[in-house]
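Chains as they are written, first to last, in my numbering: chain A, 2 to 128; chain B, 2 to 128.
Glycine included, every Cβ here is placed at the ideal spot set by N, Cα and C.
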DNA sequence: GTAGGAGCTGGAGTGCACTCCAGGTCAACC
DNA sequence: GGTTGACCTGGAGTGCACTCCAGCTCCTAC
């Protein structure tokens with residue numbers, strides 16, 4: 002099964018421009034081309050794009066994704082290095098989640114605080 | 002208690018340049034000045050900065066923080082609007098956490114996958 | 001055979017959030 | 001009274017990750 006760039010964009014959630022941009026900067030291998038010179042993405046290509054978007058969602062910078070892509074390109078010998086990268090990245094994602102959760106507590110507190118103000122305000126009116 | 006810009010930077014975790022930048026764009030009110038024209042931050046100023054950095058950490062864009070700052074400036078009458086903003090923002094932070102957690106699962110899976118490759122590799126060598 | 005639509009290229013432009021700089025002031029210490 | 005160091009201003013520059021554009025080529029459908 003192959004996909005046009007528009008289909009690849011739709012399935013990956015990236016824009017057509019972003020797909021070409023990722024190719025330019027070496028994040029994805031140049032896909033095959035049809036007889037007219039148009040890109041045809043394979044299922045493998047889409048799988049890689051799906052993984053990339055996960056890394057992106059978790060805040061991995063492009064230069065690190067590129068490093069990962071280059072290691073991947075060099076084959077099984079680099080599996081250890083890649084695993085190490087994911088391992089470290091996972092730790093940073095966990096830290097990020099913890100950070101967000103701690104901020105959530107502050108938000109909860111603030112929102113509660115506003116509710117108290119509202120109650121006071123209403124009491125002030127009805128009193 | 003008042004603080005120089007360097008002290009405010011240290012306590013807020015923002016850079017001196019960022020403090021001045023935030024002031025320029027209306028995120029923070031211009032602090033008091035000493036006799037020499039230097040900024041002197043109050044505890045209240047630092048409290049607001051601490052809250053701002055929470056909002057920033059949770060990914061609130063500056064234009065939204067500015068909107069919040071402007072509402073805050075207009076006093077108690079805008080408390081409802083502000084609470085609503087925080088409420089919506091909290092929802093987006095929760096969604097973001099959920100998104101990260103779902104990506105974590107993918108990372109876990111990938112890392113496990115690499116561990117399997119390593120085991121296979123070792124077996125391949127020792128076999 | 002031509003009009004329309006998808007895709008192509010190289011390169012320029014955008015938005016965000018800072019970050020840096022030159023050239024100056026001011027207070028304090030030696 | 002001169003040097004040092006912190007701070008001041010307005011404005012320019014940076015890095016990231018796209019996003020847009022002009023001008024072109026193909027294929028398809030009428």
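Which residue wins for smallest C-alpha separation from residue i, given the options the options?
{"i": "residue 28/B", "options": "65/B, 116/B and 37/B", "result": "65/B"}
{"i": "residue 101/A", "options": "54/B, 32/B, 20/B and 10/B", "result": "54/B"}
{"i": "residue 47/A", "options": "62/A, 6/A, 109/A and 99/A", "result": "6/A"}
{"i": "residue 59/A", "options": "86/A, 43/A and 90/A", "result": "90/A"}
{"i": "residue 2/A", "options": "25/A, 19/A, 87/A and 33/A", "result": "33/A"}
{"i": "residue 114/A", "options": "106/B, 85/B, 114/B and 117/B", "result": "85/B"}
{"i": "residue 4/A", "options": "20/A, 30/A, 42/A and 106/A", "result": "42/A"}
{"i": "residue 39/B", "options": "107/B, 49/B, 8/B and 62/B", "result": "8/B"}
{"i": "residue 57/A", "options": "23/B, 63/B, 118/B and 104/B", "result": "104/B"}
{"i": "residue 116/A", "options": "87/B, 30/B and 26/B", "result": "87/B"}
{"i": "residue 45/A", "options": "37/A, 30/A, 36/A and 35/A", "result": "30/A"}
{"i": "residue 20/A", "options": "36/A, 49/A and 68/A", "result": "49/A"}
Buried or exposed: residue i, going by 16 or more other Cβ atoms within 10 Å of its Cβ?
{"i": "residue 16/A", "result": "exposed"}
{"i": "residue 96/A", "result": "exposed"}
{"i": "residue 78/A", "result": "exposed"}
{"i": "residue 51/B", "result": "exposed"}
{"i": "residue 13/B", "result": "buried"}
{"i": "residue 99/A", "result": "exposed"}
{"i": "residue 92/A", "result": "exposed"}
{"i": "residue 23/B", "result": "buried"}
{"i": "residue 110/B", "result": "exposed"}
{"i": "residue 75/A", "result": "exposed"}
{"i": "residue 25/B", "result": "exposed"}
Using 9 Å as the limit for Cβ to Cβ distance, is residue i near chain A?
{"i": "residue 4/B", "result": "no"}
{"i": "residue 83/B", "result": "yes"}
{"i": "residue 77/B", "result": "yes"}
Cβ closer than 7 Å: which chain A residues qualify as neighbours of residue i?
{"i": "residue 63/B", "result": "Near residue 63/B there are no residues of chain A at all, since even the closest Cβ is about 16 Å away, more than 7 Å."}
{"i": "residue 58/B", "result": "100 and 104"}
Who are the neighbours of residue i on chain A, taking C-beta pairs under 8 Å?
{"i": "residue 74/B", "result": "Those do not exist, as residue 74/B stays about 16 Å from chain A at its closest Cβ, beyond 8 Å."}
{"i": "residue 87/B", "result": "108, 111, 112 and 115"}
Give the interface partners of residue i over in chain B, defined as CB-CB distance under 7 Å, in chain order.
{"i": "residue 1/A", "result": "Shown here, chain A extends from 2 to 128; a query on residue 1/A therefore has no answer."}
Is the CB of residue i under 9 Å away from at least one CB in chain B?
{"i": "residue 156/A", "result": "Missing from the structure shown is residue 156/A; chain A here goes from 2 to 128 and no further."}
If contact means a Cβ-Cβ distance below 8 Å, which residues of the segment 92 to 110 of chain A contact chain B? Against chain B - using a Cβ distance shorter than 8 Å - the residues of the segment 92 to 110 of chain A are 94, 95, 97, 98, 100, 101, 102, 104, 105, 107, 108 and 109.
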